[in-house]
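Quick note on numbering: numbering that gives the first Met the number 0 labels position 128 of the sequence shown as 127, and the sequence is numbered without any gaps.
So the structure is just underneath, and the comments pick up after that.
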Amino acid sequence: MNDLGGGAYGVTQGVINTMFLETKNGVVLLDAPPAPGDALLPAIESITSKPLTHLIYSHAHADHIGAAHLVNRDGLQIIAHDLTGQFMEEAHDDRRPLPNVTFSGPHKALDIDGTCCPRTTTRWTRCRSTTSRRS
């Protein structure tokens, strides 16, 4: 695991990478790849006792979110673009739970606990945008 600064951590297994961000109320996970899969929650728990509150899907491919079923729990907000949700609905893959929060359009920044989570980059910043969404 790599400390990326600002409450963000990288989790790597081989050439597969993901990251999570500790916010004031919980943890935001970007993708849930099959590798590291079972090691995702223990990696998060080694840093914080805060719950996983948000899972952001970058896109619908199983190599990016094929372990989402391992981290899915009641109250988890699974966030994805509308098109990603449509593709997943057609795929009928129990390993990839459908998003329960979707957005449309080419760009979207999410304000999660005052932390800006842009869809188009892995850089986390303080939200200042009027186009952000509070969850």
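Here a beta-carbon is modelled for each residue, glycine too, at the ideal position from N, C-alpha and C.
A quick note: this is a predicted structure, and the numbers were derived from the prediction, not measured.
- Exclusion of the five residues before and after N24 leaves K49, T52 and D112 as the residues of its chain whose Cβ lies within less than 8 Å of its Cβ.
- If the five residues before and after R94 are omitted, its C-beta is found closer than 6 Å to the C-beta atoms of G65 and H68, all from its own chain and listed in chain order.
- C-alpha of P96 to C-alpha of D73: approximately 12 Å in a straight line.
- In the structure shown, G4 adopts extended strand secondary structure according to DSSP, grouped into three states.
- Counting only runs of 4+ residues, the alpha helix (DSSP H) found wholly inside the region 50-113 occupies 61-64, 67-70 and 81-90, in chain order.
- I43: member of the alpha helix (DSSP H) spanning L39 to E44, first to last residue.
- Under the DSSP assignment, N16 falls in the beta strand (DSSP E) whose first and last residues are I15 to E21.
- Under the DSSP definition of a beta bridge, G25 lacks any partner.
- Exclusion of the five residues before and after M87 leaves A59, R95 and L97 as the residues of its chain whose Cβ lies within less than 6 Å of its Cβ.
- Looking at the backbone, the Cα of D62 and that of P33 are separated by about 6 Å.
- Of the residues assessed, H80 falls on the buried side of the cut-off, its CB having 16 or more other CB atoms within 10 angstroms.
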